[in-house]
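Only one structure is covered here, and it is reproduced in the block below.
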Amino acid sequence: MKKIVITALALTMLLGCKEEKKTEAATETTTTTATLPPVSDAAMENAVIYEANIRNYSKEGTFNAFTKDIPELKKLGVKILWVMPIYPISMKKRKATADKSIEDITDPNEKKKYLGSWYAITDYTAVNPDLGTLADFQKLVKTAHDNGMYVILDWVANHTGWDHKWITEHPEYYQHNAKGEVTDPLNPETGEPWGWTDVAHLEYTNKKVYEPMKDAMLYWVKDQNIDGFRCDVADNVPADFWNFAIPKLKEVKPLFMLMESEKEYLLKGQFDMGYGFEAHHVMNDIAQGKKTVADWDKLMVNLSKKYEKDDIMMNLTSSHDENAWNGSEYERMGDAAGAFAALTYVMPGMPLIYTGQEYDNKRRLKFFEQDPIERKKGKMFGIYERLGALKNNDEALNGGKKPASYTRLKTSNDKKILAFERKKGGKKVYYIANLTNQILQFKVPIAGSFTNAVTGEQVTLEKGQTINATPWQYWVLTQ
């Protein structure tokens, strides 16, 4: 490997800040492993999670097209495969855009292209035929398990589509307005509609909902061998339901439970991991010049007080919601996207890759239509591959219930330079980044010989030296 000595006022390595096309006909070969052990706390310490948007992963938009690429995801260090909702989508009140229903469209050919929201579910225990068959899904699960990945399904307990049989058979399962009409979901904090007009709001004060909802979840665990759930708008559903259902699911096998929430009370209950929304928003604001590294430091102090040491947060620069409604990471973060992608791996927690991020997707993917990504390897596939290997293999990046320590390193410019150490079991990893759009000079309190985990280059830091950094330049250093 190339040797680099960082002299005064010079730092010549770039992290890939400053291959060949992945074709649709990817190999069907899978890497067979020993039987995958049940999910465990230990397995989550070094995991990467991948959000699979089956509809938009390929031109086919099918389970089978995605399953062929599972060995590619293994190269990225993925250990948890979060599959977005796979269930049939309601036709009634189906959305064409954020504010228009297909019922507002008269042209039948125009209507056909609108596939609706994944989260407007007609049947919790069936498979959307647009994606394939149940046998195809079973093949996906087996292939994931053979490649050392756990599969968690997106679960929507807060609402159903308007075609769900409960609407007519059990209207008492739903919330009603003063006129006695079933309503779409309301924000529990404001009482105002979210605007999710394509779904009907379930009423959990009626505990008769509990058993059938639990049974639907149990089907996927017991009969289809999945390994957990990502629970949509989890804090809009009473904790009492989760406390009822999840232990019964875990009687079948250990599960990994991800909640779309950052509410600490849910982590004290049945969930293993929450969303790192606060960190995500601070990253966006720093990239846009609205906040500085000083705000990041305040955040990390606040998070250490808010959460228990064994609470796990999912770190993200994108997701299906962020991409569709707020833009890709490149739209929101610009040239800072690479520095923050690396940060999600090195900070405490578990990093998320959303479909297309590994292929440098810069577009907003359409939410209600098929809008396939272009699977062509560019800069980020290799970066995610190297960061994934580091996350999987270096206990200094443990981010589960027994995480590595996080220690902020004082620099000569702490409002603009973020530097910290992760440490566990004698292993150390350092993250250093210029989180501004300026050329900066600074000093850090570490010295010695290191490996740049992203480039593989050898780096020597001398005590007290001054470092030059280009805008948004970052380093992930190991010893």
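First residue of the sequence shown: 675, per the working numbering; consecutive thereafter.
Even glycine gets a Cβ: it sits at the ideal position worked out from N, Cα and C.
These figures come from a predicted structure and were not determined experimentally.
Of the choices the options, whose alpha-carbon is the least far from that of residue i?
i	options	result
Q1132	W1149, I1057, M1024	W1149
V1020	D914, Y788, V1128	V1128
I754	H954, E885, M988	M988
L838	T817, I795, A913, K813	Note that residue 838 corresponds to His in the displayed sequence, not to Leu. Selected option, being the one with the closest Cα: I795.
V956	E925, Q944, R1006	R1006
N655	A831, M887, F951, V883	There is no way to answer for residue 655, as the model of the chain reaches only from 675 to 1153.
Y939	W792, K1089, D985, C905	D985
P1145	K882, L1109, V856, P711	L1109
D946	A717, P711, L710	A717
Y788	L747, Y798, L1026, R768	R768
A1078	F1055, K983, D1088, A1121	K983
V873	I1057, N880, P859	P859
V1118	A1107, T1125, G1062, Q1112	A1107
G948	P782, Y1033, K1075	K1075
D743	P867, G835, K1050	K1050
F1014	D914, Y1033, S714, H954	H954
Q962	A1011, E1059, K888, P712	A1011
I763	I779, T771, S791	S791
Do you know how far the Cα of residue j is from the Cα of residue i?
i	j	result
V757	L827	5 angstroms
E877	S935	19 angstroms
I680	L932	Unreliable positioning characterises I680 in this predicted model, as indicated by a pLDDT of 40, which lies under 50. A coordinate reading is not provided.
T1085	F1116	7 angstroms
F930	F903	7 angstroms
A908	M891	14 angstroms
D969	W829	34 angstroms
A699	P867	A caution first: A699 carries a pLDDT of 36, below 50, which makes its placement in the model unreliable, though a value can still be read off. Rounded to whole angstroms, A699 to P867 spans 44 angstroms at the Cα level.
Under 7 angstroms between the Cβ atoms of residue i and residue j?
i	j	result
N720	K1065	yes
R1038	N1072	no
E1095	L1083	yes
L808	I728	no
S1002	Y1028	no
F740	Y731	yes
L1026	I776	no
Y1080	P1022	yes
K785	V967	no
Q1139	K1102	no
N899	V801	no
Q944	I960	no
T857	Q849	yes
H875	H833	yes
Starting from residue i, trace the beta strand (DSSP E) both ways and give me its first and last residue.
i	result
H833	833-835
D1195	Only positions 675 to 1153 of the chain appear in the structure, and residue 1195 is not among them; the question remains open.
V1133	1132-1135
L755	752-757
H875	873-875
F1124	1122-1126
L1151	1148-1152
Got a sec, what are the start and stop residues for the alpha helix (DSSP H) residue i sits in?
i	result
L1092	Run containing L1092: none in the alpha helix (DSSP H); it sits in the beta strand (DSSP E), 1091-1098.
N989	That residue, N989, is in no alpha helix (DSSP H); its beta strand (DSSP E) goes 986-989.
Y939	938-941
Give the list of continuous alpha helix (DSSP H) stretches no shorter than 4 residues that lie fully inside the segment 1013-1077.
1053-1067
What are the start and end residues of each continuous beta strand (DSSP E) run of 3 or more residues lying completely inside the segment 760-840, in chain order?
769-771, 824-829, 833-835
Go through the segment 906-959 residue by residue and report every complete run of the alpha helix (DSSP H) that reaches 4 residues or more, in order.
913-924, 938-941
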